[in-house]
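Number of protein chains: 2
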Amino acid sequence: MPDRLPEKRSRRNAGAITLREVAALAGVAPITASRALNTPDKVSADVRTRVLTAVQRTGYVPNRLAGGLASARSRLIAAVTPSTVMSVFMGTIEALNTTLFDAGYQLLLGQSSYSTSREELLLEAIIGQRPDGIFLTGILLPGKARSRLIASKIPVVESWDLTPTPIDMLVGFSHDAVGAAVAGFLIKKNHRRFALISADDARATRRADAFKAAVVQAQLPPVTQINIKAMRTVEGGRRALMELLERKIKFDAVYCSSDLLALGVLTEARARGISVPDSLAIIGFGDTTYGRDALPALSSVRIHSERIGELSAQFLIERAQGRDVPNPIVDVGFTIVEREST
Amino acid sequence: MPDRLPEKRSRRNAGAITLREVAALAGVAPITASRALNTPDKVSADVRTRVLTAVQRTGYVPNRLAGGLASARSRLIAAVTPSTVMSVFMGTIEALNTTLFDAGYQLLLGQSSYSTSREELLLEAIIGQRPDGIFLTGILLPGKARSRLIASKIPVVESWDLTPTPIDMLVGFSHDAVGAAVAGFLIKKNHRRFALISADDARATRRADAFKAAVVQAQLPPVTQINIKAMRTVEGGRRALMELLERKIKFDAVYCSSDLLALGVLTEARARGISVPDSLAIIGFGDTTYGRDALPALSSVRIHSERIGELSAQFLIERAQGRDVPNPIVDVGFTIVEREST
DNA sequence: ATTCGAAATGGTAGCGCTACCATTATGTAT
DNA sequence: ATACATAATGGTAGCGCTACCATTTCGAAT
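Residue numbers (the working numbering), protein chains in the order written: chain A, -17 to 324; chain B, -17 to 324.
Okay, here's the thing in structure tokens:
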């Protein structure tokens, strides 16, 4: 029976078992118990089992706040996303989280709510938690938040976009290329008069602009554009098509900045007896399950969403563990998936 | 000019500014600087501005690991959800996160991936971060994870379900009541022969069982049930309807355990020229945007998803700050939303 | 037997912050 | 003037862990 430890536990302690108690029970010094748990091969088999037994018996769960403070490694990775509901980013976040968890990291999730001021506050709060890495959906424009992040020296992955001047690492694809590719795809399918329904966020706008530029380049009539505030609803797409029709403009293909909007257009077209794709071709963005199995099945742009999350996680883990990432800027590309709607 | 601090910064320090440096710059003791930031009204106006100026100048961001260790308050709240992609829980998580952030808490997000063993690992990892509260989607069945959680004494909110014996707090609704209510609703609309398409998760199964029980109670013919593994796809719904039709069973209404499945049924019905709701009524669960604006618009069960998140956040904040929550078990109910598909 | 190096263990001193308990100014009643 | 509360500040001692630097043990090489 090991000696009893003094019972002088202060009121600050919530009553949790500490490593010290585990060590005492195993009959070793705290530092040895620490090694038995963190670097088991630096410890004899005998000590290892004794410590593990003591852990089992006591139900000890290491305090990562203390460990993180001592080692300057919190085992936390933060991710910032504008929103979580119906968000195209969640595939990435899920893959990120899974990969991180398997490597022993926890995910700290922040929502910027599409607001720059909120994003600044959020990043400050995040830096306060001293994460070992930060994942951003999108790229961070120059400003207070960006400077702060750089000053913090925390490894950063920006994503879902491309820039020659990332803060640190980058896993994404080119929205310009998407816009141009979609235009090229529709033109090749002999469409000539285009409408464009776009959410008013920065990346969707870049895709839209590239789309329009490609159409101009092909010397086709100018694109009619509708911007949508309620970007993550089907209703927005339905209303946008209504508006387009009211304007009495001719168009034979619509490119939508999200599958949700495209689904709305598809629905409204059916409500009005417009046949898709014969009278109107529709293509979305994101390649979601509700687009894929719609009737007619929606053509879309597939983003390698999970790949972005997984790769970003790997990069952050590498850097968190002090290793170098040889090629920290990756273009994962995209694929135009042709289905029945075009 | 304040005295220079010794430059003996060890390699463990990442180079971040510490409170000590801020205090020196402001010409006060570290503990006073701490108060100026955490309890500003316990400090003179003069000191307050001097410290704040020093913070601005240095770009100081408090180290929450250290603060958390010292005060036993990490300002972290953990949330556990089975999945994040296309998940019905994300409205709750978003509301939870927003409310928490505004109160100065960060969200730690864990995915249990519908696996009990993973959930156990996850909860252990979470407890290690010493969060001030834990939010669970669903209720935690008795087992190792549950015992651990109770032993940790961390405030817990279980959600999206009801039980007389929660671990601690609870914000949810009754799945039995949902199943019965949907059956009652369809029966009142003069449907008599029911099919049921259900994901094979525990809560969906409880809704399904209650639905069947209510149908039996009304002395109507037994319900034909199809269970779906690919629960979060439209395709699952399409295939399920095909299967039902192949079985040559008669039915005039289908209840689906999610809107995504219901959308699949709606789509497949249209593909086969089955008129909805005349020949077949369809009702889903979750009241999503793609159901709401489908054609015909999908009837569904609306869950007060954001309310669950917001209320849970409030409960956890109260408890994290040492206050009591008078009524910690709340049934937020649900609403059957009748649209065109029934 | 001696030397040496590697393997295993331990001691000490923080990590950066805050709880707790002084101590010192400042005001207020007597 | 004195006593005494109150506000404002500071000193000290950890929180629970790990980096860093001993020290001890033990087998292999000489």
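Built from N, CA and C at the ideal position, the CB exists for glycine as well.
Within the DSSP secondary-structure output, residue 90 of chain A pairs in a beta bridge with A:60 and B:90. Taking the beta carbon of residue 96 of chain A as reference, no residue of chain B falls within 7 Å; the closest one sits roughly 12 Å away. For residue 158 of chain A, the three-state secondary structure derived from DSSP is helix.
Spatial neighbours of residue 87 of chain A in its own chain (CB-CB distance under 6 Å, excluding positions within 5 residues in sequence) are listed in chain order as 57 and 59. Look at residue 215 of chain B: its C-beta is under 8 Å from a C-beta on chain A. The Cβ-Cβ distance between residue 54 of chain B and residue 75 of chain B does not fall below 8 Å. Those residues of the region 41 to 58 of chain B placed with their C-beta closer than 9 Å to a C-beta in chain A are 41, 43, 44, 45, 46, 47, 48, 49, 50, 51, 52, 53, 54, 56, 57 and 58, ordered along the chain. The region 177 to 184 of chain A makes contact with the region 201 to 219 of chain A, as at least three CB pairs between them are under 8 Å.
Nearest neighbour of residue 281 of chain B by Cα position, chosen from B:312, B:252, B:287 and B:236, turns out to be B:236. Here residue 246 of chain B is buried: its Cβ has 16 or more other Cβ atoms, across all protein chains shown, within 10 Å. In terms of CA proximity to residue 322 of chain B, B:260 leads the group B:140, B:260 and B:84. Around residue 286 of chain B, the same chain offers 314 as residues with beta carbons nearer than 6 Å, after the five sequence neighbours per side are excluded. Residue-level contact by beta carbon holds for residue 275 of chain B and chain A, with a gap shorter than 8 Å. Boundaries of the beta strand (DSSP E) harbouring residue 178 of chain B: 176 to 181, taken from the DSSP string. Straight across, the Cα-Cα distance linking residue 85 of chain B with residue 300 of chain A is about 33 Å. Residue 293 of chain B places its beta carbon 8 Å or farther from that of residue 251 of chain B. When A:160, A:230 and A:306 are compared, the shortest CA-CA separation from residue 137 of chain A is found for A:306. Per DSSP, reduced to three states, the secondary structure at residue 66 of chain B is coil, with no helix or strand assignment. Residue 313 of chain B has B:154 as its beta-bridge partners, per DSSP. When rounded, the separation of the alpha-carbon atoms in residue 108 of chain B and residue 42 of chain A is 13 Å. In the DSSP assignment, residue 227 of chain A falls within the unbroken alpha helix (DSSP H) covering 216 to 228. Shown here for residue 296 of chain B: same chain residues with a beta carbon closer than 8 Å to its own, the five before and five after excluded, namely 81 in chain order. As computed with DSSP, residue 140 of chain A is found in a beta bridge with A:118 and A:152.
DSSP links residue 284 of chain B through a beta bridge to B:317.
At a cut-off of 8 Å between C-beta atoms, residue 209 of chain A does not count as an interface residue with respect to chain B. When A:46, A:200 and A:155 are compared, the shortest CA-CA separation from residue 167 of chain A is found for A:200. At least 8 Å separates the CB of residue 119 of chain A from every CB of chain B. Rounded to whole angstroms, the separation of the alpha carbons of residue 89 of chain B and residue 122 of chain A is 21 Å. As the crow flies, the alpha-carbon of residue 174 of chain A is around 26 Å from that of residue 216 of chain A. Residues of chain B with a Cβ closer than 8 Å to the Cβ of residue 65 of chain A are, in chain order, 76. Residue 139 of chain B sits away from residue 105 of chain B, with the two beta carbons spaced by 8 Å or more. The beta carbon of residue 269 of chain B sits closer than 6 Å to those of 282, 284 and 319, all from its chain and outside the five residues before and after it, given in chain order. Its chain contains 188 and 192 as the residues whose beta carbon lies nearer than 7 Å to that of residue 158 of chain B, once the 5 sequence neighbours on both sides are disregarded; these appear in chain order. For the region 297 to 310 of chain B, there are no residues whose beta carbon sits under 7 Å from a beta carbon of chain A.
The beta-carbon of residue 135 of chain B is placed less than 8 Å from the nearest beta-carbon of chain A. When C-alpha distances from residue 186 of chain A are compared across A:2, A:120, A:257 and A:95, the shortest belongs to A:120.
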